[in-house]
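Chains as they are written, first to last, in the working numbering: chain A, 8 to 307; chain B, 8 to 307. Worksheet: one structure, shown below.
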């Protein structure tokens, strides 16, 4: 394990512990008003052993600007609830109809469809609860800005809209421009939010916030390109889900349209661009620059 | 039309106009990043000609404490987006499987299931956007409190949890206590939020806020009892949906368990209790007292 991977692991574990605690609180097993099956399905959907890349980006962006660690972890956990909701709903029969996620039955398979819809709804809702709660100790203004930025990253102009375009893409394959836009919305918006959120938590300047948004946009693109490469070159065991699925569905990817060599060169270019953008922060940017490289070169 | 009904109508129209404007902004037809079909489905789900009772309660509660009208209308519109999301998801085949809502095809019938799931998700998300947006001109603290209270009214301990209990009730009918709890969560939580929100918008005292929460709880109970009576005594034309459905599904209602006479007496009692609670505000409480009576006696 590289020192970078050790850092990523540490934040993933702290996020997992916090999510575990937050979702136990939300379940409140002693209160009959918390339906146990729904609360379990929320836990099942959110505590899934992911890499917790988005919380890591929140954490390291906040750290670079001297933001509060605990607040960053809480916002990271909120973001992960929101990300988990999107996976639970995307997997539904009416959407991507996936039975497996990270090698485990998806929520509607492990429970049932109604419970999966409601668990997704409740995780989405809980993300805003976590940010607004008194335990997230940042100034009110920062909370409002996080709520607003998260709602916009998740809404019709962000992740939900991206998923709608993705479903439409199965019927009519988009061109290169269409694919880039779809991916910027579907996966890019939350990654951009993660990087921006660190700056907001730390009360950084408007300029810093803008720069972190752009940094997030670039690594969001790299994340998706790496994903497309993995879909093409990995087997199901590595991915924990069916491989070659996007291609089989006729979904256009940039790998299919532009070829693997172009994508690999583009990934290098994006890492350089992201690194150059935050080089202005000197040594403090080192971990985020490694994160950009990690996102582009990840093997799973 | 009584003077009260005229007031209700006026706020409903202002809410409708504002929702129309907010959902047009959210759609931004000039931007390709807003998938048109999804944006249309959101409009279809939210602009459905309802009575807009919840926004009316926000508006009148805010008015009683001297809160800003425009802020109250915006929070009412946000609440209506959230209420609409719950209807869109509740109607889905995996949930209540309803084809009609207010005499019109439900969203998954008019569009498709995936679009209905996403439209619900996007309406839920947009509710938080509207509250946090700069155009909602209240102090930051009040916004945070509204976000938090709304998330809790909608989450696993509120509306989403109530819907989970409601689905479970089809398999095993709950007792009187179970029904009261289920209804308090499923429909009561948002009505309570509406009444509380007015006090928050106006910056009323903690005591006033508590009193308005209790007022909301009581009229929420009355709302649900009136609904159960209507389900039993109305025909489909009046309801705009299938009548006698709850009974046919074997869902326990208090009307079935306690009888119509008991329910009618309980409704009178609840109106008295609600009125007594806010009598402390004197003349300013007159409209809300009429609202309590309206909720208990409504015929559709």
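Where a beta carbon is used, it is the ideal one built from N, C-alpha and C, also for glycine. As the structure is a prediction and not an experimental result, all values here were calculated from the model.
Assuming residue i is part of the alpha helix (DSSP H), what are its boundary residues?
i	result
residue 109 of chain A	Premise fails: residue 109 of chain A is in no alpha helix (DSSP H) and is neither H nor E.
residue 169 of chain A	166 to 178
residue 224 of chain B	213 to 240
residue 304 of chain B	293 to 304
residue 194 of chain B	Residue 194 of chain B -> no alpha helix (DSSP H), and no H or E assigned at all.
residue 361 of chain B	The structure shown has nothing for residue 361 of chain B, since chain B only spans 8 to 307.
residue 278 of chain B	267 to 285
residue 128 of chain B	120 to 139
residue 52 of chain B	43 to 53
residue 80 of chain B	76 to 97
residue 66 of chain A	60 to 71
residue 5 of chain A	An answer regarding residue 5 of chain A cannot be provided, because it is not within the stretch 8 to 307 covered by chain A.
Which same chain residues end up closer than 7 Å to residue i when comparing Cβ atoms and leaving out the 5 residues on each side of it in sequence?
i	result
residue 133 of chain B	33, 88
residue 232 of chain A	261, 270, 273, 274
residue 90 of chain B	61, 197
residue 288 of chain A	71
residue 51 of chain B	114, 117
So, under 8 Å CB-CB, residue i and residue j are touching, yes? Tell me the CB distance rounded to an integer number of Å.
i	j	result
residue 192 of chain A	residue 166 of chain A	7 Å
residue 118 of chain A	residue 53 of chain A	Actually they are not in contact, since the Cβ atoms of residue 118 of chain A and residue 53 of chain A sit about 13 Å apart, beyond 8 Å.
residue 139 of chain B	residue 155 of chain A	4 Å
residue 86 of chain A	residue 65 of chain A	6 Å
residue 194 of chain B	residue 223 of chain B	Not confirmed; about 11 Å, so no contact.
residue 123 of chain B	residue 153 of chain B	Residue 123 of chain B to residue 153 of chain B, Cβ: 27 Å. No contact.
residue 151 of chain B	residue 151 of chain A	7 Å
Take residue i and list the residues in its own chain whose beta-carbon comes closer than 6 Å to its own, dropping the five residues that flank it on each side.
i	result
residue 304 of chain A	none
residue 73 of chain A	209
residue 25 of chain A	80, 84
residue 239 of chain B	262
residue 292 of chain A	285
residue 169 of chain A	189, 192, 193
residue 127 of chain A	92, 95, 96
residue 15 of chain A	63
residue 302 of chain A	226, 229, 230
Compute the distance between the beta-carbons of residue i and residue j, then report whether it is under 8 Å.
i	j	result
residue 131 of chain A	residue 131 of chain B	yes
residue 61 of chain A	residue 189 of chain A	no
residue 102 of chain A	residue 121 of chain B	yes
residue 158 of chain A	residue 135 of chain B	yes
residue 22 of chain A	residue 59 of chain A	yes
residue 221 of chain A	residue 206 of chain A	no
residue 259 of chain B	residue 186 of chain B	yes
residue 29 of chain B	residue 137 of chain B	yes
residue 41 of chain A	residue 163 of chain B	yes
residue 299 of chain B	residue 281 of chain B	yes
residue 277 of chain B	residue 204 of chain B	no
residue 295 of chain B	residue 12 of chain B	no
residue 109 of chain B	residue 147 of chain A	no
residue 171 of chain B	residue 125 of chain A	yes
residue 183 of chain B	residue 264 of chain B	yes
Going by beta carbon distance, what residues of the same chain come within less than 8 Å of residue i, once the five residues before and after it are set aside?
i	result
residue 144 of chain A	75, 77, 78
residue 225 of chain B	277, 280, 281, 284, 299
residue 160 of chain A	166, 196, 197, 199, 200
Is residue i close to chain D, meaning its C-beta is less than 8 Å from at least one C-beta of that chain?
i	result
residue 41 of chain B	Absence of chain D from the displayed structure is noted, the protein chains being A and B.
For the region 166 to 189 of chain A, which residues have a CB atom closer than 8 Å to at least one CB atom of chain B, in sequence order? 167, 168, 170, 171, 172, 174, 175, 188
| Residues in the region 72 to 106 of chain B with C-beta within 7 Å of chain A's C-beta atoms, listed in sequence order? | 96, 99, 101, 102
* To do: Using a Cβ-Cβ cut-off of less than 7 Å, give me the residues of the region 20 to 33 of chain A that come near chain B, in sequence order.
  => 33
Requested in this report: Pull out every residue of the region 269 to 291 of chain B whose Cβ sits closer than 7 Å to any Cβ of chain A, in chain order.
Outcome: none
For the region 132 to 144 of chain B, which residues have a beta carbon sitting closer than 7 Å to at least one beta carbon of chain A? 132, 133, 135, 136, 139, 140
Notebook entry, point to check: Can you list, in chain order, the residues of the region 215 to 232 of chain B whose Cβ is nearer than 7 Å to any Cβ on chain A?
Noted result: none
message = By the 9 Å beta-carbon criterion, what residues does the region 110 to 129 of chain B contribute toward chain A?
response = 115, 119, 120, 121, 122, 123, 124, 125, 126, 127, 128, 129
*asked:* Closer than 7 Å between beta carbons: that is the criterion. Which residues of the region 148 to 165 of chain A meet it against chain B?
replied: 148, 150, 151, 154, 155, 158, 159, 161, 162, 163, 164
Contact residues within the region 45 to 56 of chain A, judged by C-beta distance below 8 Å to chain B: 45, 46, 49
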